[in-house]
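Peer 1: Quick note, the sequences are listed as chains A and B, same order.
Counting in the numbering used here, the first sequence runs from 266 upward without gaps.
Counting in the numbering used here, the second sequence runs from 266 upward without gaps.
All C-beta atoms, glycine included, are put in the ideal place defined by N, C-alpha and C.
Protein chains: 2
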Amino acid sequence: MQKIFYPDSIVVIGVSEKAENLGRNIAENIIRFEYKGKLYLIGRVKGNLDNIPILDSFDDLPEGIDLAVILTPAATTPAYLDQCGKKGIKYVIIETAGFSEFSEEGHRIEEKLGELAKQYGMRIVGPNCIGIVNTASGISTLFVREEKSEIAPGRTSFLSQSGGVVLTVADMLTAAGLGVGKEVSVGNKLDLKESDYLDYFLKDPETDVCLMYLESIVEGRALVNLANRAEKPIIILKSNTGQASHHVAQSHTAALANDDAIVSAAFRQFGITRARSFRELVLFAKGFAMPPVRGKKLCVFTRSGGHAIISADAATEFGFELDPFPPELMETARPFFRADIIDSTNPLDLGTVFDFNSYPILIEECLRTVKPNAIMLIFNYRRETIPLARQIAEQLKEMSWKYQTPIGLCYLTEMDELAYLERNLGYPVFLEVYDTIQTLAVSRDYFLWQQRTKAAQAAPPPKPAVPPDACQKAEKILQSRKSRQPLLPDALAIFEAYGIPVAPWVTAKSAEQAVKLADKVGYPLVVKAVGAEIVHKSDLGGVALNVRDADELQARIQAMQERIQAQVPGAEFQFLLQKMVPGGREVILGGKRDGSFGPVMLFGLGGIYVEVFKDVALRLAPLSEDEATGMIEEIQGAKLLHGVRGEPAVDLAGIKDTLLKLSQMMVDLREIYEVDLNPLLATPSGVTAVDARIIL
Amino acid sequence: MQKIFYPDSIVVIGVSEKAENLGRNIAENIIRFEYKGKLYLIGRVKGNLDNIPILDSFDDLPEGIDLAVILTPAATTPAYLDQCGKKGIKYVIIETAGFSEFSEEGHRIEEKLGELAKQYGMRIVGPNCIGIVNTASGISTLFVREEKSEIAPGRTSFLSQSGGVVLTVADMLTAAGLGVGKEVSVGNKLDLKESDYLDYFLKDPETDVCLMYLESIVEGRALVNLANRAEKPIIILKSNTGQASHHVAQSHTAALANDDAIVSAAFRQFGITRARSFRELVLFAKGFAMPPVRGKKLCVFTRSGGHAIISADAATEFGFELDPFPPELMETARPFFRADIIDSTNPLDLGTVFDFNSYPILIEECLRTVKPNAIMLIFNYRRETIPLARQIAEQLKEMSWKYQTPIGLCYLTEMDELAYLERNLGYPVFLEVYDTIQTLAVSRDYFLWQQRTKAAQAAPPPKPAVPPDACQKAEKILQSRKSRQPLLPDALAIFEAYGIPVAPWVTAKSAEQAVKLADKVGYPLVVKAVGAEIVHKSDLGGVALNVRDADELQARIQAMQERIQAQVPGAEFQFLLQKMVPGGREVILGGKRDGSFGPVMLFGLGGIYVEVFKDVALRLAPLSEDEATGMIEEIQGAKLLHGVRGEPAVDLAGIKDTLLKLSQMMVDLREIYEVDLNPLLATPSGVTAVDARIIL
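#1: How would you list, in chain order, the residues of chain B whose beta-carbon sits under 9 angstroms from the beta-carbon of residue 402 of chain A?
#2: Is the number of C-beta pairs between the stretch 630 to 644 of chain B and the stretch 564 to 575 of chain B that are closer than 8 angstroms three or more?
#3: Under 8 angstroms, with one C-beta from each stretch per pair, do the stretch 357 to 364 of chain A and the stretch 312 to 327 of chain A reach the 3-pair mark?
#4: So the candidates are A:843, A:901 and A:573; which of them puts its Cα closest to the Cα of residue 956 of chain A?
#5: Do you know offhand how far residue 400 of chain A's Cα is from residue 437 of chain B's?
#6: Judging by CA-CA distance, which residue of B:938, B:903, B:551 and B:911 is the nearest neighbour of residue 866 of chain B?
#7: Per the DSSP calculation, residue 839 of chain A is bridged to which residue(s)?
#8: With DSSP as the reference, please indicate the residues paired to residue 276 of chain B in a beta bridge.
#9: Between residue 611 of chain B and residue 408 of chain A, what straight-line distance do the alpha-carbon atoms span, to the nearest angstrom?
#10: Under 8 angstroms between beta-carbons, which chain A residues line up against residue 572 of chain B? List them in chain order, please.
#11: Using 7 angstroms as the limit for Cβ to Cβ distance, is residue 590 of chain B near chain A?
#12: Give the range of the beta strand (DSSP E) segment to which residue 784 of chain B is assigned.
#13: Count the other C-beta atoms from every protein chain shown that fall within 10 angstroms of the C-beta of residue 505 of chain A, then say buried if there are 16 or more, exposed otherwise.
#14: Is there a Cβ of chain A sitting closer than 7 angstroms to that of residue 331 of chain B, yes or no?
#15: Can you name the residues of chain A whose CB is closer than 7 angstroms to the CB of residue 645 of chain B?
#16: Take the Cβ of residue 572 of chain A as the centre, count every other Cβ of all protein chains shown within 10 Å, and call the residue buried at 16 or more, exposed below.
#17: Which residues mark the beginning and the end of the beta strand (DSSP E) in which residue 387 of chain A is found?
#18: Three-state secondary structure (DSSP) at residue 939 of chain A?
#19: In this structure, how does DSSP classify residue 349 of chain A when only helix, strand and coil are distinguished?
#20: Can you pull the DSSP bridge partners for residue 586 of chain A?
#21: Across which residues does DSSP place residue 373 of chain A in a beta bridge pair?
#22: If the cut-off is 9 angstroms on Cβ atoms, which residues from the stretch 267 to 301 of chain A count as contacting chain B, listed in chain order?
#23: When DSSP labels each residue in this structure, what does residue 885 of chain B get in the three-state scheme?
#24: Out of B:293, B:330, B:283 and B:798, which has the shortest C-alpha to C-alpha gap to residue 275 of chain B?
#25: Entirely within the stretch 668 to 707 of chain A and at least 3 residues each: give me those beta strand (DSSP E) ranges in chain order.
#26: Kindly confirm or deny that the stretch 686 to 699 of chain B and the stretch 424 to 444 of chain B touch, where touching means at least three C-beta pairs closer than 8 angstroms.
#27: Starting from residue 403 of chain B and walking both ways along the alpha helix (DSSP H), at which residues does that stretch end?
#28: Could you check if residue 928 of chain A is buried or exposed, using at least 16 other CB atoms within 10 Å of its CB as the buried criterion?
#29: For a quick check, are the C-beta atoms of residue 550 of chain A and residue 341 of chain A less than 7 angstroms apart?
#30: Does DSSP put residue 631 of chain A in a helix, in a strand, or in coil?
#31: My output table needs one value for residue 592 of chain B: the three-state DSSP class, helix, strand or coil.
#32: What residues in the stretch 899 to 927 of chain A bring their beta carbon closer than 7 angstroms to a beta carbon of chain C?
#33: Measure the Cβ-Cβ separation of residue 448 of chain B and residue 430 of chain B and say whether it is below 7 angstroms.
#34: Just to confirm before moving on: does the CB-CB distance between residue 457 of chain A and residue 398 of chain A stay below 7 angstroms?
#35: Which chain B residues are close to residue 581 of chain A, counting only those with a beta carbon under 9 angstroms from its beta carbon?
#36: When you compare each of B:724, B:453, B:835 and B:852 to residue 361 of chain B by their alpha carbons, which one comes out closest?
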């Protein structure tokens, strides 16, 4: 991909001298961005642009051009691509729209482009995209006119499923002082996909932070795998989350909606920061342009009690700790205060300190002695203080890097000065107390995730959670049946193979056999009718609870038999006898194979807690022990499992163990689409599965 | 208060020629703000400032000065205030700090100031404040140096519990193009309180929107009463919500923390918009600088599919409806599109429309024919389009007022141009898609609240919910007892007096009497021991459930008697027999007298739903019927009451009725501190209270 972003030569195809020609915009953007390589132009009519000839034939082009950019009517693109192939051009950006996002005919043309790319071994960006920008190599292939000064160079790169969004984010990154490294709009992804670009950005030595705008995530698993190995933060604005946007998204980039709860869970699990808006996308990127926040210890300096309180509220909301300042620091501070008594509260109110030069002194002393994980200065000043405030910002920037501790500069003054500082300081400036702390928290959470992930990767591989022959046994059971949905006995047997505790059970073909076998499970017991045609056993009267002895068993099975045969004449079925398990908390454990993210695990409390309160935790499988624990603790109802009103806690280790085994099952048995234990009964002394479902 | 904001003459006390003198800043700010009235200066040393003499004695001052501003050491302020009183000055701003927020001594000085104010009939702003600003009369009494150009005039007024915050919000209002009408920092509120200033702002013909920053709400009821009568929107940033801020807040303005859930509920109920940050405070104010959003119908125009999707997501999140555009509008649009086929989806993607002059044409056509409640234009453009984009903004601004429909201008381009537009257009400009729609939603919610409130005020008063003699009867029961906490029989009798259905009950002094009376309630029944010394009856074994006949009743009462006497020797108690009520959903209804907001009602599902899930609804009493219904529907668990899995709904009208009666009880019986029905059992056929508690 290096040749796309750092080509030695480019040909733009579809250029004319006309002012409204979009190909001309591309060519002129490349010139304005001071591209140093060779630039060739092709158009239908010969001409001249900024002293570069517009050629009307590929014959006049040299061999060995690195990159072609095509913006011609859709119908003409295959012919141009073919010519590129013949000229040995290996990388082509097709910006034209009107392909599969637009019509059947367009879809056919796009397929033709795909065939040509394969034939010549060409890699394609787009089609239906706005192109790429690389401020380092001086390239902008955008088809809207841009000035070089509109987009500041920087070390943040951006990958987008929408062209328009590229422009918006570039403006915002420039205004935020972060600038732009590389940008690409992926368009219809005929060839190169998000993960290809992300992989490149993650390896690119000129990129520190990767931002993405996505409308759909087709290969979620590939994305999180990249994130898991990445040494750089990734921030994603994922749209297309509501009903209203689905139709628009489909006609825009043929994007299908993802399950948004899975997207959020996967991002959290793999250290991807999710932004809800452009503002957050750029705001959070500012957090990564400072040294990392290595923990929860925050020190806040402010000139006003009001700002102190607001920052303390935000610190609480975002999980920071505000320890009071130690006496030594207060000694350093004392001479600068007008008041006699100063309060060592954190946030420290500098309202009676009128010599602003003391700010860097106090902050450096704090860095040296308190060693917080982050500092925040809320500096509220008027116009007359502008020169000094700028100078202090420079000092604190140096100090931040020297002590490897972020200093959140929340500057509050007139907008034009703030805009100047943001764009020019070379270090993040924040315009709002709340935003500053939220951003520090994002940086902290990413750092802590990285630490945990590295520790987990360095740790010895965990003991296998399941018996060594689990997978084999389960495969055998699955293969021995022809049904799409294994019956309950098979499902229970598969769970048992994986070492998951299941309430004792047997199957019987008749009431007589049931009576003989009942002692193997013991009374009281439950009888369930099982058979391929018994779809909703409860509705058919195919469940008998609390059967206390052999006589009752005999009678109730006979009644059941008659009921079912009356409703489903000729149905084949047998009886599953299962030990009644004395009460406990009902929990649900589930697994599902998501089209984009692969196996996903679910945990929640039973029944209405899932249905009405939507109180569930999700994680991608395979789960680590920490993640399994995390799922249990994450739900709101976790307190019930720990025991409320003096009740003892249920067997949390047992639930965790079962989650890990179920996760292993989802990884091993790829034919399983969905699985659930609903409910698993959890008591203080253990867990027991009583009902289970597997869908292939 | 008019004389504070529009004084004909001002004297500033505490001025010297020295550059670092803060009183000098006040005087010079007044001069720089081009105050048209007479300005006098008093200092310890005679001098001259900008050709105005600094007097060292009140003797040289004329009589009848409207306003004094004092900034001298705390200890000297009583003497100066006394002199003001003697000179007949009726309004005084005391900016000095170091009073009750600082020390015992300061507290005493502040009390002295209060006495003097009373003695002379003076009204006081502060002390410990930054003063006032009125851009209309050309006054800034701020003690930090300000330039007139730093703060643009406008029609948004701001009242703050913190001086520093005044400066921050003024900067942000100016940058947002809203400007500032009046500002005041209330300081320690020795005399004038938030509600005094708010009342004035609400009546002020030069103020359209009131913003407030509050750290504590001492008279919550007065605040919401003002809001309820107001014809102007009120937006409040309420801080001091977390543990970490409480200490800081106390040393800052002696502010005590409110119950934040009550604050939020009260704001929602009375149409006050709550902002979480400075950014939101100013953002939401922009929503009120456009015509109101009268409903949910939104039309979005955008140049990019990505922005279309993001706006559709936000529209869904904030409850807007995006109906497709009608064929007539699409006919108007067709000639502007480059593509043949255009999609009538809303958001409408103008990506292939290159003549931006069509935007106002299309939008006016939309206003004329579709008549949406709000329009949003997302305009993403480069530098070359700046002149045209400005011109379009002007056109749309006119159109918005002409059609009395807000047009959310979400302009996306370089920051300096956006900053220029925001400050100068004279109509809100938004810099982010999400923010635009969130702001339109705030404006809509306020408009709809206003409509509902006006309708309710115009409607005939509702029938009294409770029997006419309820209050009298209840008072009688309360007066006949001496206990701080009425026993269960009294509590039940009070609920019955209010017409709340209570499970049939009697009291008995002995087992024998109980057996005789039991038929009045019927078996099976519950026995509860009641007595002043029986605090936790369950712990003492003072509850017997499911008593089925007279023999069992006799036996269990005797056992109960022995158990209790063994544990609480000599305790006096009797037995309450209560009919066992067959199951149903448990709900909790409660009322509490909040120190700031007065009676507050609570509704939730029983037990763990309140304890673990915190799933409760709060409203201030008295409740209207709509509010009672709103409480029931607001909780997450409402679905359970409506019936899940085919169950019938419980008696929702009965719950509502009980809420209204309980609300009336809280209003009538002012000696009640807290009351709850926990649980009230709700079945499809009715509701029944089985346990109740009243705390006086």
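Peer 2: Short version:
#1: Position 137 of the first sequence, counting from 1, holds the residue named residue 402 of chain A. Within 9 angstroms Cβ-Cβ: nothing; residue 402 of chain A doesn't reach chain B, min ~21 angstroms.
#2: yes
#3: no
#4: For this step, residue 956 of chain A is matched to residue 691 along the first sequence. Residue A:843 is the option with its Cα nearest to residue 956 of chain A.
#5: Taking the first sequence and counting its residues from 1, one reaches residue 400 of chain A at position 135. Taking the second sequence and counting its residues from 1, one reaches residue 437 of chain B at position 172. C-alpha separation (whole angstroms): 33 angstroms.
#6: Counting from 1 along the second sequence, the entry for residue 866 of chain B is found at position 601. Per the Cα distances, B:938.
#7: Here the question's residue 839 of chain A lines up with position 574 in the first sequence. DSSP lists A:795 as partners of residue 839 of chain A.
#8: Translated into positions along the second sequence, residue 276 of chain B becomes position 11. Paired residue(s): B:305 and B:333.
#9: By one-based count along the second sequence, residue 611 of chain B stands at place 346. By one-based count along the first sequence, residue 408 of chain A stands at place 143. Distance between the alpha carbons of residue 611 of chain B and residue 408 of chain A: 26 angstroms.
#10: What you label residue 572 of chain B is simply residue 307 of the second sequence in a count that begins at 1. Ordered by position in chain A, the residues that pass the 8 angstroms Cβ test against residue 572 of chain B are 427, 429, 430 and 433.
#11: Taking the first residue of the second sequence as 1, we reach residue 590 of chain B at position 325. Not an interface residue.
#12: Mapped onto the second sequence, residue 784 of chain B falls at position 519. Not the beta strand (DSSP E): residue 784 of chain B falls in the alpha helix (DSSP H), residues 776 to 786.
#13: Taking the first sequence and counting its residues from 1, one reaches residue 505 of chain A at position 240. That one is buried.
#14: Numbered from 1 along the second sequence, position 66 holds the residue referred to as residue 331 of chain B. Chain A contact via Cβ: absent.
#15: Residue 645 of chain B sits at position 380 when you count from the first residue of the second sequence. Here the neighbours are 429, 432 and 433.
#16: Working through the first sequence from its first residue, we reach residue 572 of chain A at position 307. Result: buried.
#17: For the purposes of this step, residue 387 of chain A is taken as the residue at position 122 of the first sequence. Residue 387 of chain A -> no beta strand (DSSP E), and no H or E assigned at all.
#18: For the purposes of this step, residue 939 of chain A is taken as residue 674 along the first sequence, with counting starting at 1. In this structure, residue 939 of chain A counts as strand in the three-state DSSP scheme.
#19: Numbered from 1 along the first sequence, position 84 holds the residue referred to as residue 349 of chain A. Residue state, collapsed to three classes: helix.
#20: Along the first sequence, read from residue 1 onward, the residue named residue 586 of chain A stands at position 321. Its beta-bridge partners are A:562.
#21: To locate residue 373 of chain A, count along the first sequence from 1; it is residue 108. For residue 373 of chain A, which the question treats as bridged, DSSP gives no partner whatsoever.
#22: 285
#23: To locate residue 885 of chain B, count along the second sequence from 1; it is residue 620. Note: residue 885 of chain B maps to strand in three-state DSSP.
#24: Your numbering for residue 275 of chain B matches position 10 in the second sequence. When only C-alpha atoms are compared, the closest one is B:330.
#25: 672 to 677
#26: yes
#27: In the second sequence, counting from the first residue as 1, residue 403 of chain B sits at position 138. No alpha helix (DSSP H) holds residue 403 of chain B; DSSP gives it neither H nor E.
#28: The sequence position of residue 928 of chain A within the first sequence is 663, counting from 1. Buried is the call here.
#29: Residue 550 of chain A sits at position 285 when you count from the first residue of the first sequence. Residue 341 of chain A sits at position 76 when you count from the first residue of the first sequence. Contact flag unset, no.
#30: Along the first sequence, one-based indexing puts residue 631 of chain A at 366. Reduced to three states, the DSSP call for residue 631 of chain A is helix.
#31: Position 327 of the second sequence holds residue 592 of chain B. In the structure shown, residue 592 of chain B sits in a helix (DSSP, three-state: H, G or I).
#32: No chain C is present in this structure, whose protein chains are A and B.
#33: Residue 448 of chain B sits at position 183 when you count from the first residue of the second sequence. Residue 430 of chain B sits at position 165 when you count from the first residue of the second sequence. No, the Cβ-Cβ distance between residue 448 of chain B and residue 430 of chain B is not below 7 angstroms.
#34: Here residue 457 of chain A refers to the residue found at position 192 when the first sequence is read from its first residue. Here residue 398 of chain A refers to the residue found at position 133 when the first sequence is read from its first residue. No; because the gap between Cβ atoms is not below 7 angstroms, this pair is not in contact.
#35: Translated into the one-based positions of the first sequence, residue 581 of chain A becomes position 316. Those are 506, 507, 508, 509 and 510, listed as they occur along chain B.
#36: Taking the first residue of the second sequence as 1, we reach residue 361 of chain B at position 96. The shortest C-alpha separation from residue 361 of chain B is found at B:453.
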